[in-house]
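Taken in sequence, the protein lines are chains P, B, S and Z. Position 200 of the first sequence, counted from 1, bears residue number 200 in this note's numbering, the numbering being contiguous throughout. Position 158 of the second sequence, counted from 1, bears residue number 501 in this note's numbering, the numbering being contiguous throughout. Position 336 of the third sequence, counted from 1, bears residue number 1022 in this note's numbering, the numbering being contiguous throughout. Position 117 of the fourth sequence, counted from 1, bears residue number 1146 in this note's numbering, the numbering being contiguous throughout. All C-beta atoms, glycine included, are put in the ideal place defined by N, C-alpha and C. Before any comments, here is the structure.
There are 4 protein chains.
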Amino acid sequence: MPKLQFNSDYQKLAHPLILERIIQTQDEFYPGYGLDNLCDSARNKIRKACGCPQAEVEFLIGGTQTNATMLDTQLASYEGILCTDTAHIAIHEAGAVEGRGHKILTLPSHDGKLVAAEVDQYIHRFYANDSHYHMVPPGVVYITHPTELGTLYTLKELEDLHAICHKYDIPLYLDGARLGYGLAATHTDVTLKDVTRLCDVFYIGGTKVGAMIGEAVVAPKPILFKNSLTQIKNHGALLAKGWLLGLQFDALFTDNLYLKISRHAILMAEKLKAGLAAKGYDFLCDSPTNLQFIIVTPEEKNRIEQFADIMTDHELADGRFVLRLATAWYTQEEDIDQLLALL
Amino acid sequence: MPKLQFNSDYQKLAHPLILERIIQTQDEFYPGYGLDNLCDSARNKIRKACGCPQAEVEFLIGGTQTNATMLDTQLASYEGILCTDTAHIAIHEAGAVEGRGHKILTLPSHDGKLVAAEVDQYIHRFYANDSHYHMVPPGVVYITHPTELGTLYTLKELEDLHAICHKYDIPLYLDGARLGYGLAATHTDVTLKDVTRLCDVFYIGGTKVGAMIGEAVVAPKPILFKNSLTQIKNHGALLAKGWLLGLQFDALFTDNLYLKISRHAILMAEKLKAGLAAKGYDFLCDSPTNLQFIIVTPEEKNRIEQFADIMTDHELADGRFVLRLATAWYTQEEDIDQLLALL
Amino acid sequence: MPKLQFNSDYQKLAHPLILERIIQTQDEFYPGYGLDNLCDSARNKIRKACGCPQAEVEFLIGGTQTNATMLDTQLASYEGILCTDTAHIAIHEAGAVEGRGHKILTLPSHDGKLVAAEVDQYIHRFYANDSHYHMVPPGVVYITHPTELGTLYTLKELEDLHAICHKYDIPLYLDGARLGYGLAATHTDVTLKDVTRLCDVFYIGGTKVGAMIGEAVVAPKPILFKNSLTQIKNHGALLAKGWLLGLQFDALFTDNLYLKISRHAILMAEKLKAGLAAKGYDFLCDSPTNLQFIIVTPEEKNRIEQFADIMTDHELADGRFVLRLATAWYTQEEDIDQLLALL
Amino acid sequence: MPKLQFNSDYQKLAHPLILERIIQTQDEFYPGYGLDNLCDSARNKIRKACGCPQAEVEFLIGGTQTNATMLDTQLASYEGILCTDTAHIAIHEAGAVEGRGHKILTLPSHDGKLVAAEVDQYIHRFYANDSHYHMVPPGVVYITHPTELGTLYTLKELEDLHAICHKYDIPLYLDGARLGYGLAATHTDVTLKDVTRLCDVFYIGGTKVGAMIGEAVVAPKPILFKNSLTQIKNHGALLAKGWLLGLQFDALFTDNLYLKISRHAILMAEKLKAGLAAKGYDFLCDSPTNLQFIIVTPEEKNRIEQFADIMTDHELADGRFVLRLATAWYTQEEDIDQLLALL
């Protein structure tokens, strides 16, 4: 029997409607580099969904590439990025951000989140320090939503971060690799329009939310992303067949597909979470999205790995392990049932 | 009537057999980041085609990204790249190579090619110069095959370059964005095994030769590409859904597909070239591959642009223009006929 | 009355013997860029003092520049540096190391020091982690000796670090901005020959130890610093009037001047430390070198700042302050007496 | 007999008045990093000499470092520098500019100079090119004055370059490593106030014009050099003993010393040039400053090298050599006489 698949949200090719759209284009000729009508259509649908007609919207291929490119575009060469010590860019992007010269400055994670007051205090103390000119000034505040731990900012928390960033005139950047799963969460009060209003640059993740590949960058104020194609190309991130990205986002932003398929993953995650709780598993934190983290002994870990493909997030000091279970747009309810039966 | 499409070789999605293979994977689960069996299968087929069982083979997404990543992996931080002044990396990659710190050093192009004796002379003079320690030492020799002008190195020319690189212990890097069209050219004496034997690192282009996206990097001596996934990730070039790249190269290297579809483009280009010559067009150079460059007056340029989508390469000092016409794996013979009839 | 000067060890121009040597050269002509006989003489004296005739020795201007240059020379472009979270490069070098692409990876400081077992554990866990290929591999271990807190490694601790670095084939780099003050400490068992034997690259600080400007880099195995002048130039660190650096190190390594003047600073620091202890001051840690850190209330801080120029290192969570008092080769015993009388 | 010294203008330590000022500071304590009163005094004197009270003025150590730092501060990460193909940054700075990510774009040198009309044409054609988004946009125009060939821009030429830069909103950067020798040239119509009015950032070279070490950067509009100390530190270019730089420029800008000593070098160069012309030497170009380039056969080169230390600039295609003879603030008239007698 093949293992049950809960390792991640990028294990299947693409949502059927996306694949169908891809296949439909097979006989067409397109101009390269995103200068095609499919990209334009997708840009306009995204602008509309964001409530921001003037936004600069561009398509990149993957998350690390998008972060490395877009953070570099927001920073002077000597400036750094302020984020949590659990941030994807701080740990799991192989130094791509530093590769273009920028230091990553970390604050303690609160269930994966930055706290506005701590950001305020950090920046205040930074400039109060007589020696700050020897130190890297934060030039961007970076958050993930959902976070690496599956948690979400509340609207109030985002507004507070926005206010602090505005106070210090520092852009707020939101990594939305799994944005759909955040927007579709049951009790969230954060909408795409809120994200657009409160962030200076963000991206709408496709790779993990139904697309085959692709991430859509949104800069509500276009001045923050001048010469966009050149900057993307300079980072090796400009796809020759740009229409392949455009058509996917055009599909995702047609008939609300992006939120619909995200919602499915949330329902599956809620069922999984309830089942895990019923069985008495300890959770690392209370995640309302598609990633659930449980704490298990080495024996349980070994047992689970017999029948399920899951990810070991890290080992705790007490020898237990944190396991990550991911649902996705493609998760089948019977797989949840089967998993819960075996756990 | 839609325009006849001769602008480039990346205007259509993918060869039907590639697309078929993509569709076949839609219900499968795969591990991420190239650690899947489709990538492994493709790696082995490429190793076999290269006659090099020990080669390190990895898959990246596009050409600029591949060049920026792989040149950086071959260089110490202060070393530069020696190439022609028409090289893609020198002009049309938006500074991606310099973005990671490396200077590009240029020699005059001979129909797009480096000449071994000139490389020898350059490096010899460099080290003979008392002030060379103030200058950027060449750490890689970069060539394209076919070149940006569609021309090809002969086996003798490649062997000479290899010998010079060996003499100075400098890696020879071959950008094979259109390698298929070179290997399938009618009178070429250069095979994939020759490329593997003579180059230290090269890539087999997929994007322009039948794949949807993807380039396959080959390092015949794996020591020249240590920690390959980390280096790729560090450059923002590691695709989460790596199997999507693997399956395409698996298809391209099954039943000789890569060469077969390249050969078709060559036959189309030969027909086009003969037709253009018969009509008395001036050629920029004698290209045996899928890119043909003709020199036309502004009036001819305008007239041609009425019925054909072609690329203006550059303007000559005398006011005439160099136009680039590209065939590809997808070029239809009737389009050639129609184009020639209209020219 | 001018304030008593205990702010740092770079507040006076140069030791009189150094200045005398500088003045002596004023009528001479020298070749540029360190290719002169004064540099050669200094190189040989340093090689002799290090017990390493084959060492590559070069002269740079300041500490941040030296760290940024020499760490870059030791690393592949994607590799990072492992150090304490109090390391100078991690906090007070304005991102110079990241500016050339390298991530700084930190471990908790133990009174400013790395602990070999923790380095071992870090690297072991790194490679044991299935996802390590998404992470920055440590490519150099960086230590300071004395540390930023004035503390010293014991010979055993250095040997343990060396063994761990050797185990993983990672160079050990020692930032010796204040190396003299470490070598001249009363109970240290670490000699310059030990440093040379146990470290792969290190520098002997001049700026803070009697020189006007300058740091001497030592690479016991020259292979670890190929094309040294080019690498230095590439980092903007090659002084045109290189002999100015050479003559200073020639003087410092004549008649044991470097250690003699360092020893003076240690004797002054010991007197200061004893006096501070007698007055009941709390120390941040037990420093055997020229930097002494005491913990004071805001009121005491204000009072001390009336008569002494000292450095506020940081504020503690309880509102008290850590003050740094530095002695140097130029500290006068009567200034210590006066300071202690006022404290 | 020692050789006659005409190799360069950085072969002697410092002008006696500079050295005297250095010696005077030996018993003083100073705050570090340029925050001292000597730097402030020098800043004010330079502002006055420039006729620009609001200018940001900072001190760096050497030319390559200054160019690498200040060009980076003027550029977005993807932008390049437009300069001549003989520019110092393009050839003799070991890739320091590219080391921080910027491509150098070259135009043909006209006796070392850029021609405004060609800059205009380059930028115009760049943006007229449909593919320009794949190319590196010029973000700074870089000139040297005097040039690497000793030539000078006229006021009209500088004004034209300024106008073109203004037209495209691109900063004009002037590398003044030998600025004194330009300002003191006999027939120049360019003053320091003109340079200040027409350039966005420039530096006043000290190392080659009387100082021991040091270059003074001037940004007439401070907005173009925000967080200056941090940017300098980030490039490893912030000297701990900053007052050592400040006092030198304070001396150079007291009683017109900078121009006086430059004028001496010019008079010596004029005498040398007249003598060379009288002896029938061929000149590479007509240089009105302290560098004179003559063209000689290999035999003459060998003969001259017996009695004079001069620099071989390059070999011509016909086998002859271009030799560079430099005068400086320290050149003795009798050495010129002796050299001319021997030539």
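Find the nearest neighbour of residue i within the set the options, judged by alpha-carbon distance.
i: B/H607; options: B/T632, B/M344, B/I366; result: B/T632
i: B/I653; options: Z/V1165, Z/D1159, Z/Q1034; result: Z/D1159
i: P/R47; options: P/D250, P/F293, P/I213, P/L342; result: P/D250
i: Z/H1343; options: Z/I1324, Z/E1329, Z/A1337, Z/W1358; result: Z/I1324
i: B/L666; options: B/A660, B/P359, B/Y673, B/I647; result: B/I647
i: P/C39; options: P/I89, P/F253, P/A317; result: P/F253
i: Z/L1354; options: Z/K1255, Z/T1215, Z/G1179, Z/T1225; result: Z/G1179
i: Z/Y1287; options: Z/M1030, Z/K1032, Z/C1079; result: Z/C1079
i: P/P108; options: P/I143, P/T191, P/E79, P/L339; result: P/I143
i: P/G63; options: S/H788, S/H820, S/D941, S/E765; result: S/H820
i: S/K912; options: S/A782, S/I709, S/A741; result: S/A741
i: B/K622; options: B/I604, B/A684, B/T573, B/Q675; result: B/A684
i: B/E676; options: B/C628, B/T640, B/L378, B/G618; result: B/G618
i: B/P396; options: B/L610, B/L634, B/T539, B/A620; result: B/T539
i: S/H796; options: S/H818, S/A926, S/D771; result: S/D771
Between residue i and residue j, which are expected to be in contact by the criterion C-beta below 8 Å, what is the C-beta distance as a whole number of angstroms?
i: S/A897; j: S/Q934; result: 4 Å
i: B/A437; j: P/K233; result: 4 Å
i: P/D72; j: P/R100; result: 5 Å
i: Z/G1322; j: Z/F1312; result: Looking at the sequence shown, residue 1322 of chain Z is not Gly but Phe. 6 Å between Cβ atoms; contact.
Can you say whether residue i is buried or exposed, counting buried as having 16 or more other CB atoms within 10 angstroms of its CB?
i: Z/Y1156; result: exposed
i: S/I809; result: buried
i: B/I566; result: exposed
i: B/E363; result: exposed
i: P/M98; result: Checking the sequence shown, residue 98 of chain P turns out to be Glu, not Met. Answer is buried; the Cβ neighbour count reaches 16.
i: B/P514; result: buried
i: S/R811; result: exposed
Does the separation of the CB atoms of residue i and residue j fall below 8 Å?
i: B/I679; j: B/K614; result: yes
i: S/G862; j: S/I747; result: no
i: B/G525; j: B/P480; result: no
i: Z/T1236; j: Z/Y1059; result: no
i: B/A459; j: B/E401; result: no
i: S/M756; j: S/V895; result: no
i: B/E491; j: B/G523; result: no
i: B/C421; j: S/Q710; result: A small correction: the amino acid at residue 421 of chain B is Tyr; Cys does not occupy that position in the sequence shown. In this structure, S/Q710 does not lie closer than 8 Å to B/Y421 by Cβ.
i: P/W329; j: P/S262; result: yes
i: Z/G1265; j: S/A782; result: yes
i: P/Q74; j: P/V140; result: yes
i: S/L847; j: S/V876; result: no
i: S/Y719; j: S/G932; result: no
i: S/L800; j: S/I767; result: no
i: S/I775; j: S/C769; result: yes
Residue i by DSSP, collapsed to three states: which one?
i: P/Y78; result: coil
i: Z/T1113; result: strand
i: S/A926; result: coil
i: B/T298; result: As displayed, chain B neither begins before 344 nor continues past 686, which places residue 298 of chain B out of reach and without an answer.
i: P/T144; result: strand
i: Z/K1132; result: coil
i: P/V97; result: coil
i: P/V209; result: coil
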